[in-house]
Structures are given as C-alpha cells and as structure tokens.
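A.B. asks:
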Amino acid sequence: MANMEIRPFLPSDFDYYARTLLLTLPCDDFEEARENAKIIMERLKKDERELWIAEVETIPVGFMLLEFETENQNVEIDWFDIHPDYQNIGIGAALVQKAEQRTKDLGHRTVTFHTAASNHKMRKFAKKNGFAEVKCLPSFWGEETEDAYLYQKQLE
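With our numbering applied, the sequence shown corresponds to residues 2 to 157, in that order.
1. Evaluate W142 with the Cβ neighbour count: other Cβ atoms within 10 Å of its Cβ, from every protein chain shown; 16 or more gives buried, anything less gives exposed.
2. Using beta-carbon positions only, say whether H121 and T21 come within less than 8 angstroms of one another.
3. I'd like to know if the region 138 to 156 and the region 106 to 117 are in contact, where contact means that at least 3 CB-CB pairs between them fall below 8 angstroms.
4. Alpha carbon to alpha carbon, how far is L24 from R124? Give it in angstroms, no decimals.
5. Could you check which residue in W80, Y87, L11 and E6 has the C-alpha nearest to that of T59?
6. What residues match up with F81 in a beta bridge as DSSP calls it?
7. Under three-state DSSP, which class holds L138?
8. Can you tell me which of the three DSSP states I90 falls into?
9. Nearest to E56 by CA position, among E101, E43, Y87 and Q102, is which residue?
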C-alpha cells in the first residue's frame, strides 16, 4: 500500500470527509453529505470525542469518530467511513488499531461500535478484526428503521 498516516482531523479535511460520506452514506447530493459532516463537527465540540483520519499520499480517505465513555471504560467508534476506492487495503484495520491504542491510553477496557444489520461488509470486517457480536439493537435509528448490531472487542 502507498504511504499511509493516521492523524487527528484538521479543518482542511472537511470537504474530503463530506465527499467520503456522499459515497458511504445514503446522501442525495454533496450538500446533504456536508450537512452530515457538520453533525460530526458539532459532536466534536463536546468533551471526550476525537476524529481520526487515515491519509494516503496526503489525501484523507478514512474517518473514525471516537467517543470515550469513562463510566464503563469503553471507547465507541461512533462513525467509521472509508472512501470506497480505498477499502480492503488495510485502512480500516489501521483505524481500529488507533482506536485500540486510544482505549489503552485512557485505561479503558473495551472498544464497541454498531452497524446496520444489512451492512454485511462491516459485519465481516468486525469479525475479521476481533470484534464479537454482542446483541441486536431493534429499530436502532428510530421507529420503523433497520435493526443494528452492537460489536465489542475486549482489550487486555
């Protein structure tokens, strides 16, 4: 793989993030993707959250929002998006390793995330990277929406 770096989000990454969201979320257009990215920027203003970027040859192509849950010693991967042109080459695994490192840095014990029941690629990725399926979350995004699955990885 080309030169890859995992680093914190910078304001100059915003449009790259929106372009990736346009390709990975059900967005109708670039403006809707930008609105979704703005939601993440608002979440970053709260304490105990970090947005990490996977950069390949100086281009931001992977994005991971971490939320630190001190009360239960957990780090949740809240948003996890890899540009489709850069999937299946180790970027997702590198971001998960960063999540694990941050979890250990904080003295926490588990990493979790949820994904749509229909997202078979992400569910396969989870198992490949040592996550266990913990439970089904019915209508996760609201009434009459799709179920999700919660995944967890216990760290030593």
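Beta carbons: idealized from backbone N, C-alpha and C, even for Gly.
C.D. replies: Result, derived from the coordinates:
1. Burial call: exposed.
2. no
3. yes
4. It is roughly 19 angstroms from the alpha-carbon of R124 to the alpha-carbon of L24.
5. Nearest of W80, Y87, L11 and E6 to T59, Cα basis: E6.
6. M65
7. DSSP, read as helix, strand or coil, puts L138 in strand.
8. Three-state result, I90: coil.
9. Y87
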